[in-house]
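Worksheet: one structure, shown below.
In our numbering, the protein residues as written are 7 to 99.
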């Protein structure tokens with residue numbers, strides 16, 4: 007996961023506070039409960055993206071020889087493959 011747990015919690019707290027302060031959301035539960043749920047959602051999303059990255063790496067390992075010979079740009083192929091898999095899985099990156 008690219009973000010630390012503390013950073014995810016900070017982002018979640020900022021989201022819940024901003025939604026409430028701008029009148030975009032009114033909570034029937036304590037804001038801490040909302041922040042906790044947002045933290046959980048962000049964490050799960052990050053874990054799903056980590057799994058997607060591992061799946062892309064597995065797929066690309068079959069083409070290591072071409073990539074090593076410079077016939078393919080690994081980062082470009084990685085991103086294109088990741089976008090395709092994400093779309094197939096209904097994920098928004």
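Ideal Cβ positions, reconstructed from N, Cα and C, are used throughout, including at glycine.
Let's see if you can read the secondary structure: which residues bound the alpha helix (DSSP H) around residue i?
i          : result
residue 22 : 11–27
residue 80 : 80–94
residue 52 : 37–67
residue 31 : That residue, residue 31, is in no alpha helix (DSSP H); it is neither H nor E in DSSP.
Please report the Cβ distance between residue i and residue j, rounded to the nearest whole angstrom; I am assuming they are in contact, meaning their Cβ atoms lie under 8 Å.
i          : j          : result
residue 59 : residue 88 : 7 Å
residue 78 : residue 85 : Incorrect: roughly 12 Å between the Cβ atoms, too far for contact.
residue 18 : residue 45 : 4 Å
Short of 6 Å in beta carbon distance, which residues of its chain neighbour residue i, apart from the five on each side in sequence? Order them along the chain.
i          : result
residue 40 : 22, 33
residue 31 : 25
For residue i, collect the residues of the same chain with a Cβ closer than 8 Å to its Cβ; drop the 5 residues on either side in sequence, then sort them by chain order.
i           : result
residue 103 : The displayed coordinates of the chain run from 7 to 99. Any statement about residue 103 would go beyond what the structure contains.
residue 99  : 55, 88, 89, 92
Skipping 5 residues on each side, what residues in its chain have a beta carbon closer than 7 Å to that of residue i?
i          : result
residue 91 : 58, 61, 62
residue 49 : 14
The segment 21–36 / the segment 49–69 touching (three or more Cβ pairs under 8 Å): The segment 21–36 vs the segment 49–69: no contact.
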